[in-house]
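Participant: Have a look at the structure that comes next, please.
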Amino acid sequence: MSLNVESQHREEEAGKSGFGARYALMLIVLLWASQLTGLVGLISGNAQSAIAIHFQTTKIAWFSQIGLLGGVFATPFVVKAAAMYGKKRVMVVITVLGLVGDLIAALATNYETLLVGRGIAGFYSASVPLVYALTRDVFPRRLVGPASGFLGGGVGLVALGGPFLSGWLLDDHGFRAALWFLVAGTALALVLLLAFVPESPVREERTRMDWAGGVLLGGGLTVIVYGIGEASGWGWTSGRTLGCTAGGIVAVLAFLWVESRVAHPMFPISLLGRRRVWTTFLATGLVLGAVYGGGVVTNLLTLMPNIPGVSGGLGWTATKAAWVAAPGSILIIGAAVATGTLARRVDSRLLLGTGGALVALGFALTSQFHHTVGQFIAIGVFSAVGMGMVVSMIPVMIIESVEPEEQALANGAQGMAQGVVQGLLMQVAFVILARDGTVLKGTEFYGDDGYTNGFLLSAGVVTVAALLVLLIPKGKRLDEVEAGQAA
2 MSLNVESQHR EEEAGKSGFG ARYALMLIVL LWASQLTGLV GLISGNAQSA IAIHFQTTKI
62 AWFSQIGLLG GVFATPFVVK AAAMYGKKRV MVVITVLGLV GDLIAALATN YETLLVGRGI
122 AGFYSASVPL VYALTRDVFP RRLVGPASGF LGGGVGLVAL GGPFLSGWLL DDHGFRAALW
182 FLVAGTALAL VLLLAFVPES PVREERTRMD WAGGVLLGGG LTVIVYGIGE ASGWGWTSGR
242 TLGCTAGGIV AVLAFLWVES RVAHPMFPIS LLGRRRVWTT FLATGLVLGA VYGGGVVTNL
302 LTLMPNIPGV SGGLGWTATK AAWVAAPGSI LIIGAAVATG TLARRVDSRL LLGTGGALVA
362 LGFALTSQFH HTVGQFIAIG VFSAVGMGMV VSMIPVMIIE SVEPEEQALA NGAQGMAQGV
422 VQGLLMQVAF VILARDGTVL KGTEFYGDDG YTNGFLLSAG VVTVAALLVL LIPKGKRLDE
482 VEAGQAA
């Protein structure tokens with residue numbers, strides 16, 4: 002069946018109103034697949050305090066970082082393989098890898114084994130760009146925008162239900178229960194994917210895998226993040242820190258040289274060189290990377306114990322933190338839905354910039370007022386509305402910037418940019434926290450000044466991202482893109 006006939010068939014099957022039962026079910030399955038990574042990040046973020054104390058480690062930063070590094074390294078290979086062999090097929094493979102990693106982590110009896118499991122499980126995060134590309138391939142054209150916005154806004158559902166789930170798991174059953182839930186969640190994603198999601202009809206010509214380009218890009222970025230992460234122990238001017246950073250930069254530059262010369266590049270330079278594309282990647286990568294990096298600081302602040310002179314944490318239970326965050330989570334969902342609707346009539350750049358400005362304001366206020374429930378709820382209004390606007394606009398802006406056959410590559414590149422920024426900012430945040438930290442019985446605790454500076458870091462980066470939106474050239478709105486594809 003040709004792509005045009007296939008597309009027409011999808012249009013007719015979906016009908017002229019709503020998604021229809023089949024597409025609604027498919028959307029729910031893809032929502033779970035796309036937001037599982039966010040749920041894993043939320044649960045593991047909430048669990049890191051208990052894990053640090055249990056394993057008596059000062060290296061708790063790597064509990065979150067190791068999976069991020071695995072995802073960054075795997076993404077170029079995953080996206081390229083998906084384009085040639087099928088997005089669903091490749092998603093199944095990396096979901097199985099994620100399940101294996103989750104099992105290793107859940108069964109781990111020491112911190113090193115736990116990190117190995119989390120590193121393998123991190124390969125699953127490379128599935129997120131495939132979800133959005135698959136949505137563009139298998140949904141009728143008129144439903145691609147609403148479906149993508151719904152998937153992006155799903156972060157609000159995770160933010161609403163995830164904290165209560167993690168609170169129940171951690172407060173009532175301990176961090177082991179949280180790790181076993183990750184096993185169950187990944188297994189569910191695998192079953193649902195196999196049962197209810199069709200394979201994409203869009204394929205590239207099968208060519209040789211650009212192994213050199215993938216290793217240079219994924220490896221170079223991974224080495225940079227690793228070097229920054231170890232800088233607090235090695236010293237910022239030590240040979241190892243500078244060597245990792247310089248080596249990673251050289252590898253990325255070598256990637257650009259290789260990609261301009263191989264017959265079938267991992268990421269075509271023609272795509273990355275378009276101003277609309279690279280500016281979108283830069284702005285969205287910075288804003289989401291900073292948001293998730295700031296989330297790590299928030300989790301530590303609320304869940305670390307309050308020990309005068311040692312720890313400036315609030316000492317909340319995970320369940321209490323969930324109730325405090327619930328109003329903001331509802332606002333994220335509402336803002337995402339409303340922004341997705343506005344995107345058909347309002348320039349997406351304006352919506353993204355406004356959302357970023359609100360998030361930056363929220364972080365700046367939180368840096369000064371983060372000691373009571375009332376402060377968190379009141380300030381959370383700004384952050385939540387801004388977050389809803391940002392997450393709903395990112396998939397829409399990528400749809401507006403690339404052709405359908407470039408969607409997976411574009412989502413993969415954006416995801417890598419976000420992952421690198423997130424990894425770097427998380428490491429820098431831990432360095433900032435540690436400057437006001439105290440090690441007690443093998444565990445590092447952080448003071449109030451460290452949390453203040455951590456929030457200011459995120460506020461500054463998001464502000465820069467919001468200003469960078471001004472560099473993005475004007476393009477077609479979502480409704481114009483859909484009309485052009487229909488023609």
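Following this note's numbering, the numbering of the sequence shown begins with 2 at its first residue and continues without gaps.
Cβ atoms here follow ideal geometry from the backbone N, Cα and C, with glycine treated the same way.
1) Counting C-beta neighbours from all protein chains within 10 Å, is the total for Gly-313 16 or more, i.e. buried, or is it exposed?
2) With a threshold of 7 Å on Cβ separation, who are the neighbours of Gly-163 within its own chain once the five nearest residues in sequence on each side are excluded?
3) Apart from the five residues just before and just after Trp-526, which ones in its own chain have a Cβ nearer than 8 Å to its Cβ?
4) For the region 232-315, list the beta strand (DSSP E) runs that are entirely contained and at least 3 residues long, ordered along the chain.
5) Near Val-30, which residues of its chain fall below 6 Å by C-beta distance, leaving aside the five closest residues on each side in sequence?
6) Decide if Trp-317 is buried, meaning its Cβ has at least 16 other Cβ atoms within 10 Å, or exposed.
7) Just to confirm, are Ala-160 and Ser-330 a CB contact at a threshold of 9 Å?
8) Ignore the nearest five residues each way along the sequence and tell me which others in Ala-385's own chain have a CB closer than 6 Å to its CB.
9) Spell out the partners DSSP gives Tyr-24 in its beta bridges.
10) In whole angstroms, give me the CA-to-CA distance for Asp-211 and Leu-218.
11) Which value, in whole angstroms, describes the spacing of the CA atoms of Leu-366 and Phe-431?
12) Under DSSP, the beta strand (DSSP E) around Phe-1 begins and ends at which residues?
13) Please classify Ser-8: is it buried, with 16 or more other beta-carbons within 10 angstroms of its beta-carbon, or exposed?
14) Starting from the C-beta of Thr-223, find all residues in its chain whose C-beta is less than 8 Å away, skip the five residues before and the five after it, and write them out in chain order.
15) Thinking just about the alpha-carbon of each residue, which of Val-374, Thr-242, Leu-183 and Tyr-86 is nearest to the one in Ala-323?
16) Please determine if the region 440-454 and the region 418-429 are in contact, where contact requires at least 3 C-beta pairs separated by less than 8 Å.
17) Count the other CB atoms, across all protein chains shown, that sit within 10 Å of the CB of Gln-423; report buried if there are 16 or more and exposed otherwise.
18) Report the three-state DSSP secondary structure of Val-465 (helix, strand or coil).
19) Along the chain, where does the beta strand (DSSP E) containing Val-440 start, and where does it finish?
20) In chain order, what residues of the same chain have a beta carbon less than 8 Å from the beta carbon of Lys-17, not counting five sequence neighbours either side?
21) Among Ala-327, Ile-61, Trp-235 and Tyr-112, which one has its Cα closest to the Cα of Leu-166?
22) How many angstroms separate the CA atom of Arg-11 from the CA atom of Thr-464?
23) Excluding the 5 residues flanking Ala-53 on each side, which residues of the same chain have their C-beta closer than 6 Å to its C-beta?
24) Shortest alpha-carbon distance to Leu-471 belongs to which of Gln-419, Gly-438, Thr-355 and Gln-415?
25) At what residue ranges does the region 151-192 contain a whole run of the alpha helix (DSSP H), taking only runs of 4 or more?
26) Taking buried to mean at least 16 other C-beta atoms within 10 Å of its own C-beta, is Thr-453 buried or exposed?
27) When DSSP labels each residue in this structure, what does Ala-109 get in the three-state scheme?
28) Between the C-alpha atoms of Ala-15 and Ala-185, what's the straight-line distance to the nearest angstrom?
29) I need the DSSP call for Arg-204, collapsed to helix, strand or coil.
Facilitator: Based on what the coordinates show:
1) buried
2) Leu-40, Leu-43 and Ile-44
3) The question about residue 526 has no answer, for the chain in this structure spans 2 to 488.
4) none
5) Closer than 6 Å at the Cβ level, and outside the excluded window around Val-30, lie Leu-193, Phe-197 and Val-198.
6) buried
7) Yes. Within cutoff.
8) Cβ neighbours of Ala-385 beyond the five flanking positions: Gly-329, Leu-332 and Ile-333.
9) The partner list for Tyr-24 (beta bridge, DSSP) is empty, contrary to what the question assumes.
10) 11 Å
11) 20 Å
12) This structure cannot speak to residue 1, because the chain is shown only from 2 to 488.
13) Any reading at Ser-8 must be qualified, since the residue scores a pLDDT of 47, below 50, and its modelled position is unreliable; no value is offered.
14) Cβ within range, chain order: Leu-70, Val-73, Phe-74 and Gly-249.
15) Val-374
16) Taking 8 Å as the limit for Cβ pairs, the verdict is that the region 418-429 does not touch the region 440-454.
17) Within 10 angstroms of the beta-carbon of Gln-423 lie 16 or more other beta-carbons, which makes it buried.
18) helix
19) 438-441
20) Residue placement at Lys-17 is poorly supported in this model, since its pLDDT is 47, which falls under 50; the coordinates still yield a value, given next. For Lys-17, where only same-chain residues beyond five positions count, there are no Cβ hits under 8 Å.
21) Ala-327
22) Below a pLDDT of 50, predicted positions are generally treated as unreliable, and Arg-11, at 49, falls in that range; the measurement from the model is reported next regardless. Whole-angstrom Cα-Cα distance: 41 Å.
23) Ile-61 and Thr-444
24) Thr-355
25) none
26) buried
27) coil
28) Here the model assigns Ala-15 a pLDDT of 45, short of 50, so the residue's position is not dependable, and the following value carries that caveat. Spanning the two alpha carbons is a distance of roughly 32 Å.
29) In the structure shown, Arg-204 sits in coil (DSSP, three-state: anything other than H, G, I, E or B).
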